Amino acid sequence: MKTRSITFLLLVFISAQTIAQTVDPAIVAANKTFMQAFGQGATTMGTFYATDAQLFPPNGAVITGNTAIESFFKGAFESGIKKSTLETTSTEKAGDRIIETGQYTLAGADGNTMDTGKYIVVWKKEGSNWKLYRDIWNTSQAAK
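Taking mature numbering (1 follows the signal peptide of the UniProt record, and there is no 0), I'd label the letters of the sequence shown as residues -20 to -1, 1 to 124.
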């Protein structure tokens, strides 16, 4: 009986330490559109980013502005990446921005996984649309 009581109290304590994560439906919808458009061309991808957006790719320089972001995606598509799957794990409102965390999978035309990892995006509104404002990610795969 004493063991059950201790186990129960331990579970209650652990549960109390868990913070509920919420996911903003507007960001989920924006990501769905992003995934559907992925691979349709670099210019299309540039439209998802704010005019003053920045990408922070792993092992690379910061990429600023829509033209540079479109060039980045052109290179990614030429390397064989054709599909992106995004899974939002949390969103948090921060003033007029939304901070999103999540996991991604990148695949080639044959459907084979080319990379998996995690990301953080800061979203901001331009007009009536949420746009990616800051986008940073890194791989979860071992270095080759």
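Just so it is clear, CB atoms sit at the ideal spot from N, CA and C, and this is done for glycine as well. Note that this is a predicted model, so its numbers are computed, not measured.
Residue i by DSSP, collapsed to three states: which one?
i	result
Q83	strand
K104	strand
V(-9)	Reliability of the predicted coordinates at V(-9) is poor, the pLDDT of 37 falling under 50, and no value is obtained from them.
F14	helix
T(-14)	Only weak support is given to the placement of T(-14): the predicted model assigns it a pLDDT of 40, under 50, and the question is left unresolved by the model.
F28	coil
T(-3)	In this predicted model, T(-3) has a pLDDT of only 40, less than 50, meaning its place in the structure is not dependable enough to derive any value.
N109	strand
residue 140	Since the first residue shown for the chain is -20 and the last is 124, residue 140 is missing from the structure and cannot be characterised.
S70	strand
S51	helix
A56	helix
A33	strand
CB residue i to CB residue j, shorter than 7 Å?
i	j	result
T119	D90	no
T24	A17	yes
A56	L112	no
T71	D4	yes
Between the Cα of residue i and those of the options, spot the shortest distance and give me the residue it belongs to.
i	options	result
S51	T68, T65 and T27	T27
A10	T68, K124, L86 and K54	T68
K54	V8, K73 and G19	G19
residue 132	A123, T85 and L35	Outside the displayed range of the chain (-20 to 124) lies residue 132, so it cannot be described from this structure.
K105	K98, R114 and Y99	R114
Q121	I78, F14, R77 and Q83	Q83
Return no unless some Cβ of chain D is closer than 7 Å to the Cβ of residue i.
i	result
D76	Absent here is chain D; the protein component of the structure consists of one chain.
Can you tell me whether residue i is buried or exposed? The criterion is at least 16 other CB atoms within 10 Å of its CB, across all chains shown.
i	result
A30	buried
S108	exposed
E80	buried
A87	buried
G75	exposed
residue 128	The requested residue 128 is not part of the displayed model; the chain covers only -20 to 124.
Original post:
Counting pairs of beta carbons, one from the region 57 to 73 and one from the region 34 to 46, are three or more of them closer than 8 Å?
Top reply: No, because fewer than three Cβ pairs between the region 57 to 73 and the region 34 to 46 fall closer than 8 Å, the two stretches do not touch.
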